[in-house]
Amino acid sequence: MKSDFIVAVHALVYLSHRGCLASSEELAENICTNPARVRKIMGKLKKMGIITTREGHVGGYCPCEGLEKVSLYEIAQGMDTVFVDTKWRSGNEENNCFISSGMSSVFDSLYRELDRLCMDHLKGITLGDVTAQIVETQRSSRKECHGAISGDCPAWQKALEEEKSGKKD
């Protein structure tokens, strides 16, 4: 499910950005979905070994070291994401017409190739890249984020330090 991939990436970028424990409720509020959905998706990410969990009243999800280096391809693979597909197919393989009986196999092949190209593209994009793009985009349109105001936004602080030193990675 493509939307599960988006929820997973959002949650992972948030955890990497914050660098600390976050509950399913906190993640759900930031993602704008419900905590049960977050828990289901985070369970898959835990099985992949890119997050850890802490149970109990003060429990939640923690990023594993190096999370920012994980590629979107790895996440898509772990989430069994198929980006290009269709549930409906035109024609009927049983029909005695070349067009009707052959259309679905041609498009099935096309969809597989498009999905492969999409997955190949995601190999070159990391969670760190997504975070950097978000920070850069948001910095140009906002003075500060809520985390910068409260002092707990590592990405904002890093961007400020880079700006002051005149360098960018």
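Mapped onto full-length UniProt numbering, the consecutive letters of the sequence shown carry residue numbers 1 to 169.
Each residue gets a CB set at the ideal place from its N, CA and C atoms; glycine is no exception.
Leaving aside the five residues that flank Ala8 on each side, the residues in its chain whose CB is nearer than 7 Å to its CB run, in chain order, Ile41, Leu45, Ile75, Met79. When Cβ pairs closer than 8 Å are counted between the two stretches, the stretch 95-106 is seen not to touch the stretch 57-65, the count staying below three. Distance from the CA of Ala11 to the CA of Glu94, rounded to the nearest whole angstrom, comes to 45 Å. Closest option to Gly66, judged by alpha-carbon separation, among Ser165, Lys123, Ser16, Val130: Ser16.
Val84 and Gly166 have their C-alpha atoms spaced approximately 41 Å apart. Gly128 and Ile6 have their C-alpha atoms roughly 15 Å apart.
Assignment of beta-bridge partners to Thr126 by DSSP yields Ser71.
For a cut-off of 8 Å, the C-beta gap from Tyr73 to Lys123 is around 4 Å, short enough to register as a contact.
Each of Gln77, Val82, Val106, Thr81 was checked against the Cα of Gly91, and the nearest Cα belongs to Val106.
For Arg89, the secondary structure class from DSSP, reduced to helix, strand or coil, is coil. Taking 8 Å as the cut-off, the beta carbon of Leu27 is found closer than this to the beta carbon of Val38.
Thr53 is bridged by DSSP to Tyr61.
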